[in-house]
Amino acid sequence: MFDFIKKKIKDSLNSIQKKLSKEEEKEILEEEKKEENILQQDKVELKKDILPEDKKEIKEEVREIKKEVSELKDVEKGETKAEGKQQKIPVKKKSILSHTVTEEDVEMIYSEIKSVLLENNVALSVLEGIEKELKNRLVGQSISVFGNKKYLENAIKESIAGVLIAYDKEKFISDIKSKKPFIILIIGVNGAGKTTTIAKLCKFFLSNDLKPVVAAGDTFRAASIEQLEIHAKRLNVPIIKHTYGADPAAVAFDAVKHAVSAKEDVVLIDTAGRSDINKNLIEELKKVKRVSKPDLTIFIGDALTGNDVVKQAEVFNREIGIDANILSKADVDKKGGAVLSISYVTKKPILFLGTGQGYDDLIPFNREKTASFILSE
Ligand SMILES: Nc1nc2c(ncn2[C@@H]2O[C@H](COP(=O)(O)OP(=O)(O)OP(=O)(O)O)[C@@H](O)[C@H]2O)c(=O)[nH]1
Ligand SMILES: [Mg+2]
Numbered sequence: 005m006f007d008f009i010k011k012k013i014k015d016s017l018n019s020i021q022k023k024l025s026k027e028e029e030k031e032i033l034e035e036e037k038k039e040e041n042i043l044q045q046d047k048v049e050l051k052k053d054i055l056p057e058d059k060k061e062i063k064e065e066v067r068e069i070k071k072e073v074s075e076l077k078d079v080e081k082g083e084t085k086a087e088g089k090q091q092k093i094p095v096k097k098k099s100i101l102s103h104t105v106t107e108e109d110v111e112m113i114y115s116e117i118k119s120v121l122l123e124n125n126v127a128l129s130v131l132e133g134i135e136k137e138l139k140n141r142l143v144g145q146s147i148s149v150f151g152n153k154k155y156l157e158n159a160i161k162e163s164i165a166g167v168l169i170a171y172d173k174e175k176f177i178s179d180i181k182s183k184k185p186f187i188i189l190i191i192g193v194n195g196a197g198k199t200t201t202i203a204k205l206c207k208f209f210l211s212n213d214l215k216p217v218v219a220a221g222d223t224f225r226a227a228s229i230e231q232l233e234i235h236a237k238r239l240n241v242p243i244i245k246h247t248y249g250a251d252p253a254a255v256a257f258d259a260v261k262h263a264v265s266a267k268e269d270v271v272l273i274d275t276a277g278r279s280d281i282n283k284n285l286i287e288e289l290k291k292v293k294r295v296s297k298p299d300l301t302i303f304i305g306d307a308l309t310g311n312d313v314v315k316q317a318e319v320f321n322r323e324i325g326i327d328a329n330i331l332s333k334a335d336v337d338k339k340g341g342a343v344l345s346i347s348y349v350t351k352k353p354i355l356f357l358g359t360g361q362g363y364d365d366l367i368p369f370n371r372e373k374t375a376s377f378i379l380s381e
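This note's numbering applies: residue 5 is where the sequence shown begins, and numbers increase by one.
Written out as structure tokens, the structure is:
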């Protein structure tokens, strides 16, 4: 994931660095020119007032001062490493060293990374969020940002983390333990990875000493019940099913009833998808939700579909209401735009990322780690 963003962000950082260094050099040169002018003026003023008998003595003193200045300049000269090769540039005097970052500086930084993120399906509102975060972190900072790539990297990393919302794994487990049975409704378009994610979640619950039961609420698609049955059998998890064409709300209701009497910890309700989100699907899901009264409604989205999945999540959130997101197929998604956008757009956290077809291919989402990964080598 983030293959394209990672590479391009590195290029952008180098380009930002170059632009900022040029600005800095210009500033230094201007400062030096000003100092030179003042010196010249002083010289002229002095020449006018000097008596001929004092000239020799003054010349001697000037020679001494020049020597000292030249020694000081040597000390003040520094070296910076640019892209492996060493380049000598004068180091600013202390007073000029700390530059106060302006809105224009941040806009320049933002315009560099904006195109990278846009190309990789990051939603526009998320980009605006990142810009706001960058401004909050950088504008007014009295710091030598120009000479400090790490500082810039950090600001970008924190700004990206600032638009992500994670549902902490530990909190998720403690939420589940707070109510028995805890009911989870799984929704999403067809092929998003709902049924596979339910199987992965069963494995996750079992390894956290929680007993799950699954409800075959997709009575619409051919072979959907058998698909869930195969997973349930492999994982040794009870399954509640009806026949094809049956009311999914009735399946969910029965699963909850079973969980209460069998003292199961979690009910996972599978549902059908449609190729597009039509009225029938929305009505069906609304009914399942009304009847099963889930404690958590999770939207499953296919990360590969980029902007589309974010739009789907918005519709599901508006029509049915979602509490958390899981993005599947993060293992094959090279862009990562959906992962960076979905929590900011829906204002609901990402719980896990699906990273393969195996039962263990479900990793808890961590916003700091995700942002660091984008900026890592
Ligand atoms: N590479 C990869 N494939 C995945 C992942 N999650 C699901 N899949 C695959 O995506 C395909 C669709 O997954 P399903 O779980 O059947 O999707 P669904 O949302 O239940 O689909 P419908 O029942 O048709 O609505 C299957 O081939 C899964 O193996 C993932 O995280 N990574
Ligand atoms: Mg399914």
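Glycine included, each C-beta is placed from N, C-alpha and C at the ideal position.
query                                                                                                                                                                : result
Under 8 Å, do Ile187 and Asp299 count as touching if we go by C-beta distance?                                                                                       : yes
Using the beta-carbon count (16 or more within 10 Å), is Val167 buried or exposed?                                                                                   : buried
Quick test of the definition: if touching needs 3 or more C-beta pairs under 8 Å, does the region 291-310 touch the region 246-263?                                  : yes
Are the C-beta of Ile180 and some C-beta of chain B separated by less than 8 Å?                                                                                      : Annotation note: the requested chain B is absent from the structure, which comprises a single protein chain.
Taking its Cβ as the centre, do 16 or more other Cβ atoms sit within 10 Å of Gly340, making it buried, or is it exposed?                                             : buried
Quick check on Glu268: buried or exposed, where buried means 16 or more other Cβ atoms within 10 Å of its Cβ?                                                        : buried
Taking its Cβ as the centre, do 16 or more other Cβ atoms sit within 10 Å of Asp280, making it buried, or is it exposed?                                             : exposed
In or out: Lys58 buried (at least 16 other Cβ within 10 Å) or exposed?                                                                                               : It should be pointed out that residue 58 corresponds to Asp in this sequence rather than to Lys. Exposed: under 16 other Cβ atoms inside 10 Å.
Counting only the same chain and skipping the five closest in sequence on each side, list residues whose C-beta sits under 7 Å from that of Lys161.                  : Ala375, Ser376, Leu379
In the DSSP assignment, what residue or residues form a beta bridge with Ala219?                                                                                     : Ile244, Ile273
Identify every residue that forms a DSSP beta bridge with Pro368.                                                                                                    : Phe356
Out of Val130, Gln44, Ala317, Gly360, which has the shortest C-alpha to C-alpha gap to Lys204?                                                                       : Gly360
When you compare only the Cα positions, how much space is there between Ile304 and Asn284?                                                                           : 19 Å
If you follow the beta strand (DSSP E) that Phe186 is part of, which residue opens it and which one closes it?                                                       : 186-191
Using DSSP bridges, identify the partner residues of Leu43.                                                                                                          : Bridge partners of Leu43: none, in fact.
In whole angstroms, what is the alpha-carbon distance linking Phe257 and Ala328?                                                                                     : 22 Å
So, do the region 111-131 and the region 341-357 have three or more beta carbon pairs nearer to each other than 8 Å?                                                 : yes
According to DSSP, simplified to helix, strand and coil, what is Ser332?                                                                                             : strand
For the beta strand (DSSP E) containing Ile304, list its first residue and its last residue.                                                                         : 300-306
Rounded to whole angstroms, what is the Cα-Cα separation between Lys315 and Asp15?                                                                                   : 30 Å
Please tell me whether, using a cut-off of 7 Å, the distance from the CB of Asn194 to the nearest non-hydrogen atom of ligand 1 is below it.                         : yes
Go ahead and label Leu289 buried or exposed: buried means 16 or more other beta carbons lie within 10 angstroms of its beta carbon, across all protein chains shown. : buried
For Pro368 and Ser178, I'd like the C-alpha separation in whole angstroms.                                                                                           : 15 Å
Pull up the CB-CB distance for Ile190 and Ala220, whole angstroms please, since I reckon it's below 8 Å.                                                             : Actually they are not in contact, since the Cβ atoms of Ile190 and Ala220 sit about 12 Å apart, beyond 8 Å.
First and last residue of the alpha helix (DSSP H) that includes Ser347?                                                                                             : 341-350
Rounded to the nearest angstrom, what separates Ile286 and Ser211 at their Cα positions?                                                                             : 33 Å
Take Asp222 as the anchor and find which of Gly197, Ile346, Asp213 has the nearest alpha-carbon.                                                                     : Gly197
Buried or exposed: where does Thr104 fall if 16 or more other Cβ atoms within 10 Å of its Cβ makes it buried?                                                        : exposed
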